[in-house]
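Data block below; observations after.
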Amino acid sequence: MSKLNFRPAIGADELFAIAQDAYVGSPWTSAAFEKDLNSRLTHYLVLTHDDEPIGFVAGTLVIDELSVSNVAIKTAFQKQGLGQKMLYEWFKRFDPHTRVLLEVRASNSAAKHVYEKLGFNVYHERKDYYQNPREDAVLMDYYI
Numbered sequence: 000m001s002k003l004n005f006r007p008a009i010g011a012d013e014l015f016a017i018a019q020d021a022y023v024g025s026p027w028t029s030a031a032f033e034k035d036l037n038s039r040l041t042h043y044l045v046l047t048h049d050d051e052p053i054g055f056v057a058g059t060l061v062i063d064e065l066s067v068s069n070v071a072i073k074t075a076f077q078k079q080g081l082g083q084k085m086l087y088e089w090f091k092r093f094d095p096h097t098r099v100l101l102e103v104r105a106s107n108s109a110a111k112h113v114y115e116k117l118g119f120n121v122y123h124e125r126k127d128y129y130q131n132p133r134e135d136a137v138l139m140d141y142y143i
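In numbering that gives the first Met the number 0, the protein residues as written are 0 to 143.
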């Protein structure tokens, strides 16, 4: 029987491997993850399946606002509710009333649906925020 667990990130290489699998043309480099991991403001949570890293969530906490920078699940494990489960677990690690902020591509209806199920609300849209391809960003927030 397979077992899911959560743990802190061990290193940049595991995060880079998950991002490369989860995203086509991931903009994240191993060096970017390394720099991120060295920040005292950045918080990562890794999801494992039978001790294999299969997903992670990352964000930066400044006082009482948590800005989500990345949510990734390996392709073979997507569409199983694991992203939502991982976010629920991650939110438990922060103080109540923390405001969580994120942006998502306007066309990413699957991610927007997950965020809405978690209780996120749209509070703004940014025109042409993303590049390659150019696309609007939907800004969402949620209070833990």
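C-beta: ideal position from N, C-alpha, C; glycine also.
Bear in mind that the values here come from a model prediction, so they are computed numbers and not experimental data.
> Who are the Cβ neighbours of SER106 in its own chain at under 8 Å, not counting the five residues just before and after it?
Replying inline: The beta carbon of SER106 is closer than 8 Å to those of GLU134 in its chain, skipping five residues each way along the sequence.
>> Please classify ILE9 as buried or exposed, where buried requires at least 16 other C-beta atoms within 10 Å of its C-beta.
In response: exposed
>> Mapping the DSSP letters down to three states, classify TYR22 as helix, strand or coil.
In response: coil
>> So, with DSSP's three-state summary, where would you put ILE72?
In response: strand
> Would you say ILE17 and GLY58 are within 9 Å of each other, going by their C-beta atoms?
Replying inline: no
> Just checking my contact of LEU46 with LEU3 at CB under 8 Å: how many whole Å lie between their CB atoms?
Replying inline: 7 Å
> Any idea if LYS73 is buried or exposed, counting beta-carbon neighbours within 10 angstroms, 16 or more meaning buried?
Replying inline: buried
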